[in-house]
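Residues are numbered in the numbering used here as their position in the sequence shown, beginning at 1, plus a constant of 14.
All C-beta atoms in this analysis are idealised placements derived from N, C-alpha and C, irrespective of residue type, glycine included.
The structure appears below as structure tokens.
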Amino acid sequence: MQKLLQPFLGTVLFVACLPSFAQYTLSGVVLDSATREPLAGTSVFAQNTTLGTATARDGSFSLGLKPGGYDIVFSYTGYKTQQQTLQAAENTRLEILLVKEDKSLTEVVVRSSNEVTNGWEKYGNFFTAQFIGSTPNARECSLLNPEVLKFFFSKRQNKLKVLATEPLQISNRALGYNLNYQLDSFVHHYGSDITSYRGFCLYTEMEGTDSLRRIWERNRVLAYHGSKLHFLRSYYDSTLHEEGFIISILDEQDASKFNRISDPYDTAYYVGADTTLEAEIWFPRKLNVTYTKKIPEEEYLRYAGLPRNLGVQVSYVELKQAVAIKENGYYYDQKDWISQGYWSWKNLADQLPADYQ
């Protein structure tokens with residue numbers, strides 16, 4: 015995820031649904047690349063979903079997937095994490111060969127870097143605000159193992175980098191999820207105020223009473239509507255207008271003006287789903303994405319310095335390259351998407367797993 019940090023109810027009676035009539039099976043085996051010995055206990059999961067399992071004693075695994083696109087992550091201690099992108103459109107079997115990690119290179123980097131000895135005390139609040147968020151939902155989140163974080167500051171580049179020695183364990187009591195987040199890296203450039211982070215996340219449902227589950231479901235519906243996931247699914251389904259999204263594009267001559275796109279499905283911007291079951295979008299200039307069916311939270315208006323009477327949610331998107339979208343809202347390459355405005359305020363605390371229905 016990459017974003018530029020800058021200044022941007024009523025009861026909802028329905029939940030967005032994905033097709034539930036089909037499910038495909040991803041199966042296979044995970045082996046050591048050199049010895050071809052099975053790696054029992056390898057974590058196998060679909061990135062940013064609740065779908066995960068572990069390999070058996072013979073290295074085998076099986077995972078059920080609904081139609082759509084997924085990044086499947088294979089992770090085993092002491093080995094390089096491997097990722098494979100696939101389209102769930104038929105039963106698939108894989109043989110995954112994991113390579114042992116060269117720890118010596120990591121140790122050299124750590125020793126030669128500018129690690130901050132009291133990093134959590136100095137940067138912990140800033141990190142959690144940029145990574146987990148500063149929204150009302152974020153106040154209901156807890157990072158359970160902050161001791162695994164390492165903070166590095168480069169004075170020459172005016173840059174903060176954060177790494178983790180183990181997956182981050184995050185409790186989201188607002189949405190009812192526990193998150194296992196394998197943080198690859200977190201970087202903040204103070205000069206440009208740009209934050210980027212990447213990693214692999216597996217969600218698991220919290221256990222709770224019926225009343226708690228009703229609260230979580232209500233909060234999830236509220237988090238979904240107007241979200242980037244909602245936007246991408248609506249674009250794929252050709253229901254942007256019905257769902258309340260309006261798209262405008264930056265004027266070629268006037269950098270302060272956005273012109274509404276009357277037909278977002280014009281072939282200049284959009285290529286519909288084909289035999290690959292993916293659509294593609296491309297915009298040569300910055301987009302203004304307005305969601306008209308929900309007002310922004312007061313906390314966001316204060317944060318962004320916007321008028322209290324702003325009645326719509328406004329986000330901005332820049333695409334480095336064309337982006338492909340699958341029916342479940344999965345898109346790639348994710349590094350080519352930069353969010354600004356309202357969506358950049360919504361971090362991990364307000365994000366739903368990609369298999370949310």
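{"Query": "Bridge partner(s) assigned by DSSP for V44", "Result": "I110"}
{"Query": "Beta-ladder partner(s) of G343, from DSSP", "Result": "Per DSSP, none; premise fails for G343."}
{"Query": "Nearest-angstrom Cα separation, counted from Q327 out to Y250", "Result": "21 Å"}
{"Query": "Straight-line gap, F145 to Y211 (C-alpha atoms, nearest Å)", "Result": "8 Å"}
{"Query": "Local conformation of L119 per DSSP, three classes", "Result": "In this prediction, L119 scores a pLDDT of 45, lower than 50, which makes its location untrustworthy; the coordinate-derived value is nonetheless stated afterwards. If DSSP states are grouped into helix, strand and coil, L119 belongs with the helices."}
{"Query": "Collapsed DSSP secondary structure at V235 in the structure displayed", "Result": "helix"}
{"Query": "Those residues which DSSP pairs with H255 across a bridge", "Result": "H255 is not bridged to any residue."}
{"Query": "Residues bridged to V331 (per DSSP)", "Result": "L301 and S353"}
{"Query": "Exposure of W359, with buried meaning 16 or more beta-carbon neighbours within 10 Å", "Result": "buried"}
{"Query": "L19, DSSP secondary structure in three states", "Result": "At L19, the pLDDT of 43 sits below 50, so the modelled position is not reliable; the number obtained from the coordinates is stated separately. Correct three-state label for L19: coil."}
{"Query": "W351 burial status per 10 Å Cβ neighbour count (16 or more: buried)", "Result": "buried"}
{"Query": "Among E109, Q97 and I184, the one whose alpha carbon lies nearest that of R153", "Result": "I184"}
{"Query": "Euclidean distance between Cα positions of Y90 and F214", "Result": "13 Å"}
{"Query": "CA-to-CA distance, N302 to I260, given in whole angstroms", "Result": "8 Å"}
{"Query": "Beta-ladder partner(s) of P52, from DSSP", "Result": "L45"}
{"Query": "Separation of K175 from F166, as counted between CA atoms", "Result": "5 Å"}
{"Query": "Backbone CA spacing between G240 and D72 [nearest angstrom]", "Result": "44 Å"}
{"Query": "Check whether V87 and T95 have beta carbons under 8 Å apart", "Result": "yes"}
{"Query": "Residues near K169 in its chain [Cβ-Cβ closer than 8 Å; skip 5 each side]", "Result": "N128"}
{"Query": "DSSP three-state assignment for K360, whether helix, strand or coil", "Result": "coil"}
{"Query": "Among P52, S148, N233 and G147, the one whose alpha carbon lies nearest that of I110", "Result": "P52"}
{"Query": "Per-residue burial, Y370 [other beta carbons within 10 Å of its own, 16 or more giving buried]", "Result": "buried"}
{"Query": "Local conformation of Q183 per DSSP, three classes", "Result": "strand"}
{"Query": "L45, buried or exposed, once every other Cβ within 10 Å from all chains shown has been counted against 16", "Result": "buried"}
{"Query": "Length-filtered (3 minimum) beta strand (DSSP E) runs lying within the segment 140 to 186", "Result": "155 to 157, 163 to 168, 173 to 178 and 182 to 186"}
{"Query": "Neighbour-count burial assignment, P321, 16 or more Cβ in a 10 Å radius", "Result": "exposed"}
{"Query": "Secondary structure of E312, DSSP reduced to three states", "Result": "helix"}
{"Query": "Boundaries of the beta strand (DSSP E) in which Y217 is found, first to last residue", "Result": "I208 to E219"}
{"Query": "Beta-ladder partner(s) of E135, from DSSP", "Result": "DSSP, once it has assigned bridges, lists no residue as partnering E135."}
{"Query": "S225 burial status per 10 Å Cβ neighbour count (16 or more: buried)", "Result": "exposed"}
{"Query": "Host beta strand (DSSP E) of A60 (start-end)", "Result": "S57 to A60"}
{"Query": "Range of the contiguous beta strand (DSSP E) that encloses A293", "Result": "E292 to I295"}
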